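The structure under discussion appears below in the form of structure tokens.
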Ligand SMILES: [Zn+2]
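In the numbering used here, the protein residues as written are 457 to 770.
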């Protein structure tokens, strides 16, 4: 490590994608609970500090042109918050917003390297320096680059934020609100829960978990749920996310990652035993993702059709 450009980088790999980029599924893709943990962490660490530098290692990561990164220089940070899976660092009315996507991560450093990063071959997409010498880097593994940053005067100017549905963890998001939302949708629950314009912050992992807790089929149509099922789904959504936020909050890097995996009942556990009934956890695969579920708990014992599995069995 001698002569490294990143000497005192005590990497707090808060949202380490490690190889998760490739993994997508069983890997480590940050969703609402992990992003919330990161918000809590950044809020504490940046308290009383100002932004003194925003450097880009990749031009394409910044999706806005005006105001420029230099407009943030010297501004004290007022607050750190979350919109769905977007993080928002506000400094005097300007917002540095970013979305880690599938393989992005944030590496905190109490003492950032002095080297200025420039667009080019750096694995660092964006570096943010703070007034006490600390700061963070945003990096992204893999070749499919989807990490995105924005500098805006209003977070609603970020298209992905403008489109967001309600936050399922909001104090005022009631069972009645949820029931009303579901009613208009003749789509399958799995896809709907992941749809950010329906609900903000739930992704592939927690949608599997919520449906398992609610004992509902991933393919059930939203509009077909009766009152009792709707209530069950709402309770499962809130309880699962609240539990995950509690488990993630205050945890450093490695722990956070393991905590997410350890907390999963069915997601990423194909072939293992369902913790509720002992049946085997099954999978349905799609071109770009897969879902896991328990047939006994969720689909009346009937396995769901899986294209890949049937192809293999031919
Ligand atoms: Zn089960």
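Built from N, CA and C at the ideal position, the CB exists for glycine as well. Keep in mind it's a predicted model, so treat the numbers as computed, not measured.
In or out: residue i buried (at least 16 other Cβ within 10 Å) or exposed?
i	result
residue 716	buried
residue 653	exposed
residue 516	exposed
residue 660	buried
residue 574	exposed
residue 734	exposed
residue 492	buried
residue 667	buried
residue 470	Reliability of the predicted coordinates at residue 470 is poor, the pLDDT of 39 falling under 50, and no value is obtained from them.
residue 481	Confidence in residue 481 is poor, its pLDDT being 37 and thus under 50, which makes the residue's placement too unreliable to answer from.
residue 500	exposed
residue 696	buried
residue 523	exposed
Below 8 Å on the Cβ atoms is my guess for residue i versus residue j; work out the distance and round it to an integer in Å.
i	j	result
residue 547	residue 562	About 17 Å separates the two Cβ atoms, so there is no contact after all.
residue 532	residue 607	Not really, about 16 Å apart at Cβ, beyond 8 Å.
residue 508	residue 556	23 Å between Cβ atoms; not a contact.
residue 553	residue 614	5 Å
Residue i by DSSP, collapsed to three states: which one?
i	result
residue 482	Here residue 482 scores only 40 on pLDDT, less than 50, and its place in the model should not be relied on; the value that follows carries that caveat. Coil, per DSSP.
residue 516	helix
residue 636	helix
residue 527	helix
residue 685	helix
residue 560	strand
residue 696	helix
What does DSSP give as the partner residue(s) for residue i in the beta ladder?
i	result
residue 748	739
residue 574	Per DSSP, none; premise fails for residue 574.
residue 444	Since the first and last residues shown for the chain are 457 and 770, residue 444 lies out of range.
residue 607	552
residue 539	542
residue 596	560
request  = Could you name the residues whose beta carbon sits closer than 6 Å to any heavy atom belonging to ligand 1, keeping them in chain order?
outcome  = Going along the chain, the residues that qualify are 730, 732, 733, 735, 750, 752 and 753.
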